[in-house]
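J.: Chains as they are written, first to last, in our numbering: chain A, 1 to 526; chain B, 1 to 526.
(1) Write down the C-beta distance between residue 196/B and residue 150/B rounded to the nearest angstrom, noting that I regard them as a contact closer than 8 Å.
(2) Straight-line CA distance for residue 488/B to residue 331/A?
(3) Is the beta carbon of residue 88/A closer than 8 Å to that of residue 381/B?
(4) Would residue 355/B be called buried (16 or more neighbouring beta carbons within 10 Å of its own) or exposed?
(5) Beta-carbon of residue 428/B versus every beta-carbon of chain A: anything under 8 Å?
(6) Return the Cβ separation of residue 154/B and residue 216/B in integer angstroms, given the expectation that the two are a contact with Cβ distance under 8 Å.
(7) Does the separation of the CB atoms of residue 467/A and residue 281/A fall below 8 Å?
(8) Any idea what DSSP makes of residue 551/B, helix, strand or coil?
(9) Just to confirm the assignment: which complete alpha helix (DSSP H) runs, minimum length 4, are found wholly within the region 166 to 219 of chain A?
(10) Give the residues from the region 350 to 361 of chain B that approach chain A closer than 7 Å (Cβ to any Cβ), ordered along the chain.
(11) With distances taken between CB atoms, is the gap from residue 8/A to residue 370/A smaller than 8 Å?
(12) I think residue 453/B touches residue 477/B, with their Cβ atoms under 8 Å apart; what is that distance to the nearest whole Å?
(13) Applying a beta-carbon distance threshold of less than 7 Å, which residues of chain A neighbour residue 340/B?
(14) Answer with yes or no whether the minimum CB distance from residue 449/A to chain B is below 8 Å.
(15) Check residue 439/B in the structure and name its three-state DSSP category.
(16) With a threshold of 16 other CB atoms inside 10 Å of the CB of residue 589/B, please say whether the residue is buried or exposed.
(17) Can you list the residues of chain C that residue 311/A reaches, using a CB-CB cut of under 8 Å?
(18) Relative to the C-alpha of residue 229/A, which candidate in 207/A, 242/A, 218/A and 211/A has its C-alpha closest?
(19) Residues of chain A with a CB under 9 Å from the CB of residue 376/B: which are they?
(20) Taking the straight line between their C-alpha atoms, what separation do you get for residue 428/B and residue 523/A?
(21) Measuring straight from C-alpha to C-alpha, what distance separates residue 479/B and residue 105/B?
(22) By Cβ distance below 6 Å, which residues in the same chain neighbour residue 250/A in space, the five residues on each side in sequence not counted?
(23) What does residue 405/A touch in chain B if you count any residue whose Cβ is under 8 Å from its own?
(24) Which stretch, first to last residue, makes up the beta strand (DSSP E) that contains residue 152/B?
(25) Could you give the distance in angstroms between the alpha-carbon of residue 201/A and the alpha-carbon of residue 148/A?
(26) Return the first residue and the last residue of the beta strand (DSSP E) that residue 403/B is part of.
(27) Roughly how many angstroms separate the alpha carbons of residue 384/B and residue 345/A, rounded to a whole number?
(28) Who are the neighbours of residue 28/B on chain A, taking C-beta pairs under 7 Å?
(29) Quick check: the Cα distance between residue 527/B and residue 242/A, rounded to an integer number of angstroms?
(30) Quick one, which residues of the region 137 to 160 of chain A are near chain B if we go by CB-CB under 8 Å, in chain order?
(31) Do the region 109 to 123 of chain A and the region 305 to 325 of chain A make contact, defined as three or more Cβ pairs closer than 8 Å?
(32) Please name the residue, chosen from 472/B, 441/B and 465/B, that lies closest to residue 25/B on a Cα-to-Cα basis.
(33) Between residue 269/A and residue 212/A, which are expected to be in contact by the criterion C-beta below 8 Å, what is the C-beta distance as a whole number of angstroms?
(34) Which residues share a DSSP beta bridge with residue 333/A?
(35) In chain B, what lies closer than 7 Å to residue 446/A by C-beta?
(36) So, is residue 444/B buried or exposed, given that buried needs 16 or more other C-beta atoms within 10 angstroms?
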């Protein structure tokens, strides 16, 4: 049996805090730096590598982190999770998102159902449906093929699927795997839905309504918005809409939809990209084979996350280093910096996945913790970020750990040679340069041009951003977040912090307010 | 004369730190909260208001902040700036972006030119050019009207213009002011340019090359990329491209462009949205009248920023409260949360404007400072953010000050009534609810459902996101950043921190590397 203890009660954590701090600048300079850059690397799936040479660790710190992983029983806790324990204790739920893409342990049976079979079954149903849409067997009222698919969902039903769609859109167009254009409606701001609807051909659009509970107010509101538009265009809304929901939701058996595909309570919204939530829109946009390849990449990476050896387990190692940075070195934010325009919204997805999971102040037992938990996550693609907020990262008064991602090859392959190098080479040269600039800095007589260095970073290097690579990336960060939740002893799978705002917003709409809330309601003309 | 002193040498700052801290929860509860919500508000331009009732301030703190503003000579320093002093001492430059939209003080003559006349002249030249494009007098090689305008620029030549375009796109479409679709190419990642080019009709596209120096590597590379595509399409590139640059740049008099419009060294990239950098693309997309209205809103807001009374100067007050939060309360990040999908990229623009300006560790004289300067800025539109990272904002272990923005009316006006309220009402109800939820929290027997409250926020409330309102918003934040730079005694107008990465990237491309840099270059196949 595993035991759940607060981070600051673990002996290995106390030992870790006593170790000599590593100067990134010192160890990354000269030939020692070259040695580290070669050796401090853990293999990921799809030929990718997690390189942590520019982190503030050495063999002593790594050994201590390995002890911490052991004492915190990270591998055992992950095994409990994938074998079907009730890890989400707050909501008394299993946590099964890894099971949507593979099976690491025993059969997991819940509600009388083998859950792996259930998820694979849904994936198959979606594949069949998508194939019929692609070949025109399922078509609009006039028998014409659909050209556009629009996801209606918010939070986890939006950010992950959107980030992955954008990540693979150009790859799919280049490789002949592009089937339908995808759009996304998420915000309750009526201008979001109106603008999307104004920009598409609704008569040839298929809408995917995504809400696990079937009660998310934003999503149901936007569904009505879309149905209104369909009706006004003289179209039968039920011929233009499918639902992704849980089997027990009011949407599950409604005749309002062409079809319904299911997830369940064991898939948290922010971890739902590999379930039907991502599966429907991605299979429709790119074909079910591409979605299957994405799942395979994630499954491969999950296998690595089950390894007890932290040096062979990139997600666990990344998690441990992050906790070391947060709780011993005292760094409060992490920047995610993909050198890939295709990953433009991946930082926004990780912002949710990470901050909603580990932005907690109480442990699994509801007791306040005495240490910092989840950091602020933000980021934009490089090289754009270099011309934006990198000034602060290099010379600001706070140290922000950095998580770079880079690929040797572009997706589209069109390139131009200027001043002796291609754009892709320039892109890669910049990320290589940044790692060393942040680590080693540069002295200068003019303090304004001086770089202290000692800014830690890691980089994930891949060959190309393919469906498999995207799956592996997603798995890496999901598992990193999970391991950090284990270390902080928080429940990473609930989100009680979002409830109060909902309750108060309902009061405002019911005009049941007083005090400041009434004044703000009046100021906003509600 | 003004004198430039470090924040921690000011008596009023020391006094401020001794004051009793305000519990946001306490003061925002009950009738006192209602009173504050009504009274703690400063009028902005265009009928907007900056409401700071939910900040950790009371009259004593505000009085102390007023003393700090006096002692730091904020109003006097701003006057120096707009009257043409060399405020950017590092680069020995004037700082004149406010002059692109109005004139607050004396005539500013530099390089023998009245600069207000120069900026107005460029605005006029752009207006004439845009009108000719719109009526087809300037057309493509076949004499056909342009339908699309594509900005090629990075950092300040991208983020601000892009954010403003997105902010006004739907408004313009609704009000009959929409002229050309705009797209943006920024990243040196070749997939960025390739994807944009694949998505447009290049034969009917006009490209705006934006680089002050005319030497920005990303931008010149993307220019070549675009010219290649134009040539391959059998088009004359010089008939499809204009330049926005400084008069001394190599682009200024080139026959490669249909026209060139000018900014100068006194306009920093991140403050260039009101110059030709934003002017060309926004005038082409929406017409010069709309751009002029945007400038008027900014000019109106600038006038308020010149007021010595902090209670009547929203930008100065916002800046002072931010410094109080950063340097006395110890909060390290600020989230910008617009409840408006149209402002989806405004936080990314402010991230640059703020972090690149004030992410500094040395003062104006190059001496290291002993206090924190610019915070991390991040944000996404509400209500999307509520379903993403708000969990951490409500229940995480760090307190993050929040900057809300909300509008009473949508831009497009299409809406739907569900459960007794419109989407716009739901949107506004949510932001009202969040202010109070963050401030007051909620007790609960179950710690997991407990909200400590005491999370400070402000809100800017406007009637609708019009061009004038967008200008006022931009001015507010630009001036806030400027005042914070004055308080921290840093040079907010240079960015030496971006240089080292550029130098090292050049070395990588020239294969002049050793140590870790060589290893990373090899790992990335450069």
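Idealized CB from N, CA, C, for every residue including glycine.
T.: On the basis of the coordinates in this document:
(1) Rounded to the nearest angstrom, the Cβ distance from residue 196/B to residue 150/B is 7 Å, consistent with a contact under 8 Å.
(2) Taking the straight line joining both Cα atoms gives about 22 Å.
(3) In this structure, residue 88/A does not lie closer than 8 Å to residue 381/B by Cβ.
(4) Burial call: buried.
(5) Chain A, which has a Cβ nearer than 8 Å to the Cβ of residue 428/B, makes this yes.
(6) Correct: roughly 6 Å between the Cβ atoms.
(7) Cβ distance not < 8 Å, so residue 467/A and residue 281/A don't count as in contact.
(8) Any property of residue 551/B remains undetermined from this structure, which presents chain B solely from 1 to 526.
(9) Correct list: 190 to 198.
(10) When CB distances to chain A are screened at a threshold of 7 Å, the residues of the region 350 to 361 of chain B falling below it are 351, 352, 355, 356, 359, 360 and 361, in chain order.
(11) Taking the C-beta atoms as reference points, residue 370/A is found nearer than 8 Å to residue 8/A.
(12) About 27 Å separates the two Cβ atoms, so there is no contact after all.
(13) The contacting residues are 189.
(14) In terms of beta-carbon proximity, residue 449/A lines the interface with chain B, with at least one pair separated by less than 8 Å.
(15) Residue 439/B: helix per DSSP, three-state reduction.
(16) Chain B is shown only over 1 to 526; residue 589/B falls outside these bounds and no answer can be derived.
(17) Here the protein chains are A and B, and chain C is not one of them.
(18) Distances from the CA of residue 229/A to each of 207/A, 242/A, 218/A and 211/A were compared; the closest alpha carbon is that of 207/A.
(19) Within chain A, the residues placing a beta-carbon under 9 Å from that of residue 376/B are 332, 333, 335, 376, 378, 389, 392, 396, 398 and 400, ordered along the chain.
(20) Taking the CA atoms as reference points, residue 428/B sits about 10 Å from residue 523/A.
(21) When rounded, the distance between both Cα atoms is 16 Å.
(22) If we look at residue 250/A and ignore the five residues flanking it on each side, its Cβ neighbours are 214.
(23) Within chain B, no C-beta atom comes less than 8 Å from the C-beta of residue 405/A; the nearest is roughly 12 Å away.
(24) Its beta strand (DSSP E) spans residues 148 to 152.
(25) Roughly 8 Å separates the two Cα atoms.
(26) Annotation: the continuous beta strand (DSSP E) that includes residue 403/B extends over 402 to 407.
(27) Straight across, the Cα-Cα distance linking residue 384/B with residue 345/A is about 14 Å.
(28) Per Cβ cutoff of 7 Å: 516.
(29) There is no way to answer for residue 527/B, as the model of chain B reaches only from 1 to 526.
(30) Considering only beta carbons, the part of the region 137 to 160 of chain A lying closer than 8 Å to chain B consists of 154, 155, 156, 158 and 159, in chain order.
(31) No, they do not touch.
(32) Measuring from the Cα of residue 25/B, the nearest candidate turns out to be 441/B.
(33) With 8 Å as the limit, residue 269/A and residue 212/A qualify as a contact, their Cβ atoms being about 7 Å apart.
(34) Partner(s): 376/A.
(35) Simply 366.
(36) Burial call: exposed.
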